[in-house]
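The structure appears right after this line, and notes come after that.
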Amino acid sequence: MARLLLLFAVVLLPVVLVNAAIKETPFHIRGRVYCDTCQCGFETSATNYIPGATVRIVCKQRENMETTYTMDGVTDSTGTFNIKVEDDKGDQICCTKLVSSPVADCKTPDLGRDRSQIILTRSNGAISNLHYSNALGFRKEKPLAGCTELLKKYLPHDEA
Numbered sequence: 318m319a320r321l322l323l324l325f326a327v328v329l330l331p332v333v334l335v336n337a338a339i340k341e342t343p344f345h346i347r348g349r350v351y352c353d354t355c356q357c358g359f360e361t362s363a364t365n366y367i368p369g370a371t372v373r374i375v376c377k378q379r380e381n382m383e384t385t386y387t388m389d390g391v392t393d394s395t396g397t398f399n400i401k402v403e404d405d406k407g408d409q410i411c412c413t414k415l416v417s418s419p420v421a422d423c424k425t426p427d428l429g430r431d432r433s434q435i436i437l438t439r440s441n442g443a444i445s446n447l448h449y450s451n452a453l454g455f456r457k458e459k460p461l462a463g464c465t466e467l468l469k470k471y472l473p474h475d476e477a
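So, in structure tokens, the structure goes:
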């Protein structure tokens, strides 16, 4: 009986320790912020990525939608943000959302591309610390010249 208990402890202890270490490891959320230069609602070959844009992670309780966590981040020279989140958010609803753009004629959040839901729990089986957000977009006030021709590449030939 003592050997069985010892064997059980030897097998179970590493699992418990690894699980505890994983829960204490922070998440890193990565994504990009772009300027929709053709006002089409998605990224194209004319898209510019925005350095210095502010992005916020917001988590809310599922039951009452009360905000429980916020953390801001700023994009680097490539328009990429990396935000560190220390805690597992369990069953909370979390998203990345646009806050501001430093580009004068590209400050309006593009509806439908202004936020992205993210998962901040390890209870779903995901083991990676790095989680990705969909790209977030601001909309340019006036489309660039040449956007009509560019968009023809994205349409079926019978609609062009």
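First residue of the sequence shown? That's 318 in this note's numbering, and the numbers climb one at a time after it. We put the CB at the ideal spot given by N, CA and C, even for glycine.
Opening and closing residue of the beta strand (DSSP E) in which residue i lies
i, result
"residue 377", "371–377"
"residue 514", "Any property of residue 514 remains undetermined from this structure, which presents the chain solely from 318 to 477."
"residue 397", "397–402"
"residue 351", "344–353"
Three-state class that DSSP yields for residue i in the structure shown
i, result
"residue 407", "coil"
"residue 365", "strand"
"residue 358", "coil"
Cβ-based neighbour list, residue i, same chain, cut-off 6 Å, excluding 5 preceding and 5 following
i, result
"residue 434", "412"
"residue 376", "385, 386, 406, 409, 411"
Heavy atom of the ligand ADP within 8 Å of residue i beta-carbon
i, result
"residue 400", "In terms of ligand content, the structure shown is empty, and the ligand ADP therefore cannot be addressed."
Own chain residues within Cβ distance below 8 Å of residue i, not counting five before or after
i, result
"residue 391", "369, 370, 371, 372, 398"
"residue 339", "Because residue 339 carries a pLDDT of 44, less than 50, the predicted location of this residue cannot be relied on, and no value is offered for it."
Problem - Contact between the segment 365–372 and the segment 414–424 (3+ Cβ pairs under 8 Å) - result: The segment 365–372 vs the segment 414–424: in contact.
Handout entry: Stretch pair the segment 345–355 + the segment 389–402: three plus CB contacts closer than 8 Å
Key = The answer is yes - the segment 389–402 touches the segment 345–355, with three or more Cβ pairs under 8 Å.
Exercise for the section: Could you name each continuous alpha helix (DSSP H) segment of 4 residues or more that falls completely within the segment 414–469, going from the start of the chain to the end? Expected result: 464–469
Practice task
Count the C-beta pairs between the segment 465–475 and the segment 439–455 that are closer than 8 Å, then say yes if the count reaches three, no if not.
Solution key: Short answer: they don't touch.
Practice task
Could you tell me whether the segment 380–390 touches the segment 421–428, using the rule of 3 or more Cβ pairs below 8 Å?
Solution key: no
Exercise for the section: Please confirm if the segment 458–473 is in contact with the segment 355–367, defined as three or more CB-CB distances below 8 Å between the two stretches. Expected result: Yes, they touch.
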